[in-house]
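Numbering (the numbering used here), first residue to last: 3 to 185.
Okay, structure first, notes after.
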Ligand code: HEC
């Protein structure tokens, strides 16, 4: 059930952004990036109150796995997300310089408020402050592109079925790849 509503959600987002005008040209994009970094995105001087440790990164990774991987992929670099490049604007690569150039406070602000107008939703009220700050920690320590594979929801049904069966017999626990998507 959950899976179905998730797929519908993704489709709805796709349909919604699909009817927008095509992506802006190079110069305009650069201007937009500068505008976003310097003007629109708040929180520039907010300090991340969570410690920068393996534990907070792992916490952040788990929340990322639940809420963000449907668009950003498990590695934050859109791996295996079929519509990522088709959204307008496309789903950002979180390891790119543009994104890494934001301060922690700005990343937290983006997670809270989303980016308007685009497909990036805001998460205030869904994620606690601490959860959002931990996700920022994870964004600073993203794994190598492709190293975590494709989100389960985008895998072939049969492949996923096989994996599910394997999981029942061989449940290791704690492995992010085995988390079911949920909202
Ligand atoms: C429905 C799809 C979707 C989901 C879910 C989603 N994002 Fe995004 N995200 C986008 C898109 C599309 C962009 C590009 C927006 C832009 O460039 O204006 C984006 C951009 C971003 C950016 C960069 C913004 C910039 O200015 O370049 C960050 C950081 C980000 N997302 C973090 C997250 C986090 C963390 C989560 C989970 C809490 C998340 N996103 C969930 C679609 C999504």
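Just so it is clear, CB atoms sit at the ideal spot from N, CA and C, and this is done for glycine as well.
None of the values given here were measured: they were computed from a predicted structure.
Query, Result
"Could you tell me if residue 119 is buried or exposed, where buried requires 16 or more neighbouring beta carbons within 10 angstroms of its beta carbon?", "exposed"
"When the Cα atoms are used, what is the spatial distance from residue 33 to residue 46?", "19 Å"
"Excluding the five sequence neighbours on either side, which residues of its own chain have a C-beta within less than 8 Å of the C-beta of residue 146, listed in chain order?", "77"
"Measuring straight from C-alpha to C-alpha, what distance separates residue 72 and residue 150?", "13 Å"
"In terms of residue numbering, what span does the alpha helix (DSSP H) encompassing residue 66 cover?", "56-69"
"Can you grab the Cα-Cα spacing for the pair residue 41 / residue 117, in whole Å?", "13 Å"
"Can you tell me whether residue 135 sits near the ligand HEC, meaning its C-beta is under 8 Å from at least one heavy atom of the ligand?", "no"
"Looking at residue 152 and residue 186, is the spacing between their C-beta atoms short of 9 Å?", "As displayed, the chain neither begins before 3 nor continues past 185, which places residue 186 out of reach and without an answer."
"Using a threshold of 9 Å, state whether the C-beta atoms of residue 100 and residue 39 are closer than that.", "yes"
"Return helix, strand or coil for residue 110, following the three-state DSSP convention.", "helix"
"Using only CA atoms, which one of 107, 74 and 53 lies nearest to residue 89?", "74"
"Would you kindly check if the distance between the Cβ of residue 125 and the Cβ of residue 141 is under 9 Å?", "no"
"Use the C-beta contact count for residue 62: other C-beta atoms within 10 angstroms, 16 or more gives buried, fewer gives exposed.", "buried"
"Buried or exposed: residue 102, going by 16 or more other Cβ atoms within 10 Å of its Cβ?", "exposed"
"Using DSSP's beta-bridge definition, name the partner residues of residue 150.", "None; residue 150 has no bridge partner."
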